[in-house]
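Participant: Below is the structure I would like to discuss, written out as structure tokens.
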Amino acid sequence: MALDPKSLDPVDYAIISQSLIAAAREMGAKLIRSAYSTVLREARDGSAALLDAHGNTIAQAELIPMQLGTIGHVFQPCARLYPNETLVSGDFFVINDPYSGGQHLQDVFFFHPIFYDGKVIGFSASVAHHLDVSGGDPGLNIAAPDVYAEGLIIPPLKFNMERDWHGGPFERLLRANVRVPHQTMGDFDAQIAANAIGSQRVIELADRYGPEKITAVMAALLDYSEARMRAALREIPDGVYAGEDAVDDDGLSDTVLPVRATVTIKGDSAKIDFTGTAPQVRRNLNAPFAATVSAALSCLKAALTSPDIPFNAGAFRPIEVTAPKGCMLNPHHPAPVRARMEVCSRAWNAIMKALSQAVPDKVIACGFDTTTSFVLSHLGEGGWSVYLEIYGGGFGAANDTDGCDGVDNPLSNCSNTPVEALDQDFPFFRVIEYALRPDSCGRGRQRGGLGFTRSFEALKDGVRISLYSDRFRRSAEGLFGGREGATGFCEVRRGDTVIKLKSKDAMDLQRGDIVTLGTGGGGGYGEPAERPAGTIAADLADQIISPDVAKTWAAGHGHASP
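If you use this note's numbering, the sequence shown corresponds to residues 580 to 1141, in order.
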């Protein structure tokens, strides 16, 4: 018999709920530590979560918000095809299809049912960004005209570990369709290991407290997050608030692509509507609707609530997200979607600008909050070698703090890959510079964060570079008088010639070519003249800004240059 969540002993609730959250975090650690590729092992581009028996997210590892904000939505197409009562031990679901609930093809989701006394009491879930899942180019196909050219599409499918993995047909199918099977299949095994440890921890809790109490705590944890989110929304004045940002271009023309958000606050609920956003484009900048919802929910959670509120399905109950079908944030099949983070980041910015009208002290300025996906690949005698990394830049400033320097954007949250790890895994290039970019920050009472540069030397002919990014033409704007940050860039130096690459581009390199990627800075917050002279002097001493910029900044105070 099911327990009423309201009848739970508070001590039992506290222990079990925190144990579930700890189990999800342990899953994330297992995923990262078991990984083979640098993009998962070092950059941490993956996530893990526990779901209840209905597919609601209960707890998740603190890794990539974008991947997990709507993991319950990704799960539902699997549940509709394969109800819980049809599942047996060893079964698992796999999906990556953006038009069946997924996000983009490189993010492959695994869901394993958790059985107790023959009944499904929950699911363990993991997702990882895989180096290569086929497609028209190794690692990244910039020119993909549709989703079919972006890689292997996996609709919602059910497999069994004993029959289909460990040398079984599904594993052999995947292995045959990826260019770097050692890393890719190793990362799939890491996902399976993460799910296994999550299932084990839930079963251990059920052994101790009983499955009915575990199920009741899961429901209570959702209700708790919902109550906290509704309380946060009630603190915002009722009203309709609008914000806008834009993607530089689609890589084919110079046309700016606007992203518009209207945020409606009414009591303890919120509605976010993206009417007015640019129509879908022919390149891979479109975002499937699951990704759009994830970006919107993550922004509200970050801006309005305390970090201690569990990021689960309950927190999303008071929020409705809509986007017109056929726009960049809800495209028609089969539009390509690999670079969906670019437009989703602009959705984040548009919502944050809208909220700045209602809660100015809670928001942050725009940063170089765009995903820069950078790929170097080479086909040698032993097969393909593919390096992929997700770069960030300068974070936007807030009311009471400067922006962080050289960090990934808030939807992605990837880590930096150490140069030593690259030297160990990739013999066809070497890193010759990695440094922060002085003066790239937006000025303000609180300054934006610095971007950085990283330079690579091609050590062999036939190395191919592919990238997508944004804010190469349009800077990250400041708030309340804060100035904009620097734009990004990518260039190839070949002898005395410098070849400028666009933010969505690809080319073949020659031995000796030097590729330099520069990421941009974050926008400032507040008037630059309000920044204390002593803080400006400290920035100069730390080489965050140059003497010329320090003179201009200090002039706002009527002080001489430090």
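Positions of the beta carbon are idealized from the N, C-alpha and C atoms, including for glycine.
1) Can you find at least 3 beta carbon pairs, one from the stretch 814-825 and one from the stretch 735-746, that sit closer than 8 angstroms?
2) Could you say if the stretch 691-707 and the stretch 605-617 meet the contact criterion of at least three C-beta pairs nearer than 8 angstroms?
3) Could you tell me the distance, in whole angstroms, from the CA atom of Thr794 to the CA atom of Tyr727?
4) Quick one: grab the DSSP three-state call for His761.
5) Do you know whose CA, among Val590, Ser596 and Asp743, lies nearest Asp887's CA?
6) What do you reckon, are the CB atoms on Arg1026 and Glu1109 nearer than 8 angstroms?
7) In whole angstroms, give me the CA-to-CA distance for Gly730 and Ser713.
8) Measure how close the beta-carbons of Arg862 and His683 come, nearest whole angstrom, since I'm counting them as under 8 angstroms.
9) When we look at the beta-carbon of Thr996 and count the other beta-carbons within 10 Å, is it buried (16 or more) or exposed?
10) Pull up the DSSP beta-bridge partners for Asp686, would you.
11) Quick check on the DSSP output: the alpha helix (DSSP H) that includes Cys1069 runs from which residue to which?
12) On the three-state DSSP scale, how would you describe Ala933?
13) Can at least three beta-carbon pairs, one atom from the stretch 893-908 and one from the stretch 844-857, be found at a separation below 8 angstroms?
14) What are the residues that DSSP puts in a beta bridge with Leu610?
15) When you compare each of Pro1006, Ala869 and Asp711 to Glu960 by their alpha carbons, which one comes out closest?
16) Here's a check: name, in chain order, each residue in its chain whose Cβ is nearer than 6 angstroms to the Cβ of Glu1036, leaving out the five neighbours to either side.
17) In chain order, which continuous runs of the alpha helix (DSSP H) of length 4 or greater are located wholly inside the stretch 905-992?
18) Does the distance from the CB of Phe947 to the CB of Gly1099 come in under 8 angstroms?
19) Have a look at Ala894, Ile594, Asn988 and Ala632 and flag the residue whose alpha-carbon is nearest the alpha-carbon of Leu812.
20) Would you kindly report the start and end of the unbroken beta strand (DSSP E) that includes Glu823?
21) Excluding the 5 residues preceding and the 5 following Phe868 in the sequence, name in chain order all residues of the same chain whose CB lies nearer than 6 angstroms to its CB.
22) Can you list, in chain order, the residues of its chain with a C-beta nearer than 6 angstroms to that of Ala937? Leave out the 5 residues immediately preceding and following it.
23) Ala825 and Val838: beta carbons closer than 8 angstroms?
24) Within the continuous beta strand (DSSP E) that includes Phe895, where are the two ends?
25) Can you tell me whether Gly1021 is buried or exposed? The criterion is at least 16 other CB atoms within 10 Å of its CB, across all chains shown.
26) With a Cβ-Cβ cutoff of 8 angstroms, do Asp984 and Gly975 count as a contact?
27) By DSSP, does Lys1130 sit in helix, in strand, or in coil?
28) When the Cα of Ala614 is compared with those of Leu666, Gln762, Arg659 and Pro584, which residue comes out closest?
29) Return the residue from the list Phe1031, Pro939 and Trp963 that minimises the CA-CA distance to Gly971.
30) Please report the straight-line C-alpha distance between Ile1124 and Ala622, rounded to a whole angstrom.
31) Spatial neighbours of Gly1135 within its chain, please: CB distance less than 6 angstroms, with the 5 preceding and 5 following residues excluded, ordered by chain position.
32) I'd like to check one pair, Ser991 with Ile650: are the Cβ atoms closer than 8 angstroms?
33) Report the three-state DSSP secondary structure of Val590 (helix, strand or coil).
34) For Ala1076 and Leu660, I'd like the C-alpha separation in whole angstroms.
35) Near Phe694, which residues of its chain fall below 7 angstroms by C-beta distance, leaving aside the five closest residues on each side in sequence?
36) Which residues in the same chain have their Cβ closer than 8 angstroms to the Cβ of Leu587, if we skip the five residues on either side of it in sequence?
Facilitator: In brief:
1) no
2) yes
3) 40 angstroms
4) helix
5) Ser596
6) no
7) 5 angstroms
8) With 8 angstroms as the limit, Arg862 and His683 do not qualify as a contact, their Cβ atoms being about 13 angstroms apart.
9) buried
10) His708
11) Counting along the chain, Cys1069 falls outside any alpha helix (DSSP H), though it belongs to the beta strand (DSSP E) covering Phe1068 to Arg1073.
12) helix
13) yes
14) In DSSP, Leu610 forms no bridge with anything.
15) Pro1006
16) Arg1009, Ile1011 and Ile1093
17) 919-935
18) yes
19) Ala894
20) Gly818 to Val826
21) Asn909
22) Ile815, Pro816 and Tyr820
23) yes
24) Looking at the DSSP string, Phe895 is not in any beta strand (DSSP E), and its letter there is neither H nor E.
25) buried
26) no
27) helix
28) Gln762
29) Phe1031
30) 28 angstroms
31) At Gly1135 the pLDDT is 49, less than 50, meaning the model places this residue with poor confidence; the figure from the coordinates comes in the next sentence. So the list reads Pro1107 and Ala1108, once near-sequence residues are dropped.
32) no
33) helix
34) The question names Ala, but residue 1076 in the sequence shown is Thr. Spanning the two alpha carbons is a distance of roughly 56 angstroms.
35) Ser668
36) Lys792, Ala795, Val796 and Ala799
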